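Undergrad: In full-length UniProt numbering, the protein residues as written are 1 to 164.
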């Protein structure tokens, strides 16, 4: 089971925890919980199993962020102008590759990145995000809006055109 799902769950976890070593720790912690609880989990398909495993890993990543950041990450006001990083270069047509988008997301402040990933990538509602992160629904909406604005700024700053 580990061999089958580890890569996918690692990539999922990496969306929330940008440090590779910490991502490995969170993933291992997630798999320990999965292995302990698998006997009590009833599923009819591998898809249900994978969704259940993803939820465990996301919850582990969120708990890790809470522990290491003491929830100050939600209010972080990182100056994006001072952030330095190397994005995946655009193709001749100006398209941004998935790796480049991932790099952009990783350089968002933790709170923005977490809400953005939960909503835009994982499909959670603001109410669900609020419950998961112990924040209000409006705070979730605000963090998402700020994340989108920051991503737009990063796209433009790095020479990618942005169109709505």
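For glycine and all other residues, C-beta sits at the position ideal for the given N, C-alpha and C. Fair warning: this is a prediction, and the values are worked out from it, not measured in the lab.
1. Could you give the first and the last residue of the continuous alpha helix (DSSP H) run that contains residue 154?
2. Give me the residue from 14, 131, 6, 123 with the minimum Cα distance to residue 110.
3. Going by other Cβ atoms of all chains shown within 10 Å of its Cβ, with 16 needed for buried, is residue 20 buried or exposed?
4. Quick check on this structure: which residue in 99, 32, 132 has the alpha carbon closest to the alpha carbon of residue 115?
5. Between the beta-carbon of residue 105 and the beta-carbon of residue 119, is there less than 8 angstroms?
6. Out of 138, 148, 147, 33, point me to the one whose CA is closest to residue 54's CA.
7. Whole angstroms are fine: how far does the CA of residue 147 sit from the CA of residue 113?
8. Could you spell out the range, first to last residue, of the alpha helix (DSSP H) harbouring residue 107?
9. Quick check on residue 43: buried or exposed, where buried means 16 or more other Cβ atoms within 10 Å of its Cβ?
10. Along the alpha helix (DSSP H) that carries residue 27, what are the first and last residues, could you check?
11. Do residue 27 and residue 58 count as a contact pair if the criterion is CB distance below 8 angstroms?
12. Within 10 Å of its beta-carbon, does residue 87 have 16 or more other beta-carbons around it, so buried, or fewer, so exposed?
13. Is the beta carbon of residue 154 sitting closer than 8 angstroms to the one on residue 102?
TA: Inspection of the coordinates gives the following:
1. The residue given as residue 154 occupies position 154 in the chain shown. Segment 137-157, the alpha helix (DSSP H) holding residue 154.
2. As a position in the chain shown, residue 110 is number 110, starting the count at 1. Residue 14 is the option with its Cα nearest to residue 110.
3. Along the chain shown, read from residue 1 onward, the residue named residue 20 stands at position 20. Exposed, since its Cβ has fewer than 16 Cβ neighbours within 10 Å.
4. In the chain shown, counting from the first residue as 1, residue 115 sits at position 115. Residue 115 has its Cα closest to that of 132, out of 99, 32, 132.
5. Numbered from 1 along the chain shown, position 105 holds the residue referred to as residue 105. Numbered from 1 along the chain shown, position 119 holds the residue referred to as residue 119. No; because the gap between Cβ atoms is not below 8 angstroms, this pair is not in contact.
6. Taking the chain shown and counting its residues from 1, one reaches residue 54 at position 54. Checking every option, the nearest Cα to that of residue 54 belongs to 33.
7. The count along the chain shown starts at 1 and reaches residue 113 at position 113. The count along the chain shown starts at 1 and reaches residue 147 at position 147. The straight-line gap from Cα to Cα measures roughly 7 angstroms.
8. Position 107 of the chain shown, counting from 1, holds the residue named residue 107. It is not in any alpha helix (DSSP H) - residue 107 carries neither H nor E in the DSSP assignment.
9. Here residue 43 refers to the residue found at position 43 when the chain shown is read from its first residue. When all chains shown are included, residue 43 counts as exposed.
10. Here residue 27 is taken as the residue at index 27 of the chain shown, counted from 1. Unbroken alpha helix (DSSP H) run through residue 27: 20-37.
11. Residue 58 sits at position 58 when you count from the first residue of the chain shown. Residue 27 sits at position 27 when you count from the first residue of the chain shown. By the CB criterion at 8 angstroms, residue 58 and residue 27 fall outside the cutoff.
12. For the purposes of this step, residue 87 is identified with residue 87 of the chain shown, where counting begins at 1. The pLDDT assigned to residue 87 is 40, lower than 50, so where the model puts this residue is not dependable; a value taken from the coordinates is nonetheless given after this. Residue burial annotation: residue 87 is buried, with at least 16 other C-beta atoms found within 10 angstroms of its C-beta.
13. By 1-based counting over the chain shown, the position of residue 154 is 154. By 1-based counting over the chain shown, the position of residue 102 is 102. No, the pair does not count as a contact, with Cβ atoms beyond the cut-off.
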